[in-house]
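This report refers to the structure that appears directly beneath it.
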Amino acid sequence: MINKVDRVGSLLQATLVEFIDLAQQGKQAHWNVVGPRFLPVHQQLDTLVNDVRLGADEVAERAVAIGYHPDGRSATVAKETPLSELPAGPIGDADVVRAIADRLRKVADALRTRVDQLDELDPVSQDLLIGLAATLDKHTWMFGAQLN
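Here the sequence shown stands for residues 0 to 147, numbered as in numbering that gives the first Met the number 0.
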């Protein structure tokens, strides 16, 4: 039987992996975006990456606080992420917006599932993930608004 710390920790670990990958993909897109909307998309990606990196740090620190040891190593993230990889090289601004919006929706949906799973297990971790879901929702809306 898995104990409470491991159950909560595994939910936090999955979130950590997604946030690390989302931040890295945001930077990859930031460096390689091209097109007429380069500057606003480039700047928007910086804001996203900063928020997601802060979220990853909060998740990892919560894991440690409950006695779980998070694993943010690149090999672990590459092996465990559910997010598809961005293409190498230049990426058109509309393609970047679409790809990031899709990834944000996927991570936000996964967070909501974990929020439900944490209901009776750990309200503090649940509250953390609720706040992170709100942040992702804001970014999803801002990227999605560009997809008219």
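Backbone N, C-alpha and C define an ideal beta-carbon position, used for all residues, glycine too.
Quick caveat: nothing in here was measured; it's all calculated off a predicted structure.
Item                                                                                                                                                                         : Value
Can you tell me which residues form a DSSP beta bridge with isoleucine 90?                                                                                                   : Val32
If distances are taken between C-alpha atoms only, which option among Ser9, Ala144, Asp20 comes closest to glutamate 84?                                                     : Asp20
How about threonine 112: is its C-beta nearer than 8 Å to some C-beta of chain E?                                                                                            : In the structure shown, chain E does not exist; there is a single protein chain.
Who are the near neighbours of threonine 134 in its chain, counting only those whose CB is closer than 7 Å to its CB and skipping five residues on each side?                : Asp50, Gly54
Considering Cα atoms alone, identify which of Ala144, Arg113, Thr112 is closest to aspartate 101.                                                                            : Ala144
Alpha carbon to alpha carbon, what distance is there between arginine 104 and alanine 59?                                                                                    : 21 Å
Determine whether the beta carbon atoms of isoleucine 90 and asparagine 147 lie at a separation below 8 Å.                                                                   : no
Would you kindly work out how many angstroms separate the C-alpha atoms of glutamine 125 and phenylalanine 142, rounded to a whole number?                                   : 25 Å
Measuring alpha carbon to alpha carbon, tell me which of Asp136, Asp121, Leu127, Leu47 ends up nearest aspartate 5.                                                          : Asp121
How big is the Cα-Cα spacing for leucine 131 and alanine 28?                                                                                                                 : 21 Å
With a threshold of 6 Å on Cβ separation, who are the neighbours of histidine 158 within its own chain once the five nearest residues in sequence on each side are excluded? : The requested residue 158 does not occur in the structure, where the chain is confined to residues 0 to 147.
Taking Cβ to Cβ, would you say valine 106 is nearer than 8 Å to leucine 128?                                                                                                 : no
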